[in-house]
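First residue of the sequence shown? That's 3 in the numbering used here, and the numbers climb one at a time after it. Have a look at the structure below, then the notes.
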Amino acid sequence: IKIIGTFVQDELLYLPEELLDFLKVFIKNRGNLSELQKELSISYPTARSKLE
Numbered sequence: 003i004k005i006i007g008t009f010v011q012d013e014l015l016y017l018p019e020e021l022l023d024f025l026k027v028f029i030k031n032r033g034n035l036s037e038l039q040k041e042l043s044i045s046y047p048t049a050r051s052k053l054e
C-alpha cells in the first residue's frame, strides 16, 4: 500500500508526554478537576494551574 499526499500533523503530537498524560486523564474524567486530582495524586490548585 502506498499513500501519497500532503499531510499535516496534529499539534497535539508536539506536546510533552507529561502534558499529554494529563490531558488523557482530564478527558477521561470529563473535565472534573476533583476526580483528576485524586487520580493523579496532585492538589486541586496544581490541577487547575496546569489548565492555564
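Ideal Cβ placement from N, Cα and C applies to all residues, glycine included.
Give the secondary structure of Pro-47 by DSSP, where H, G and I count as helix, E and B as strand, and everything else as coil. helix
Mapping DSSP to helix, strand and coil, what is Val-10? coil
Exposed or buried, which one is Leu-53 when buried takes at least 16 other CB atoms within 10 Å? exposed
Terminal residues of the continuous alpha helix (DSSP H) containing Lys-4? Unbroken run through Lys-4: none, as it is neither H nor E.
Please classify Glu-41: does DSSP put it in a helix, a strand, or coil? helix
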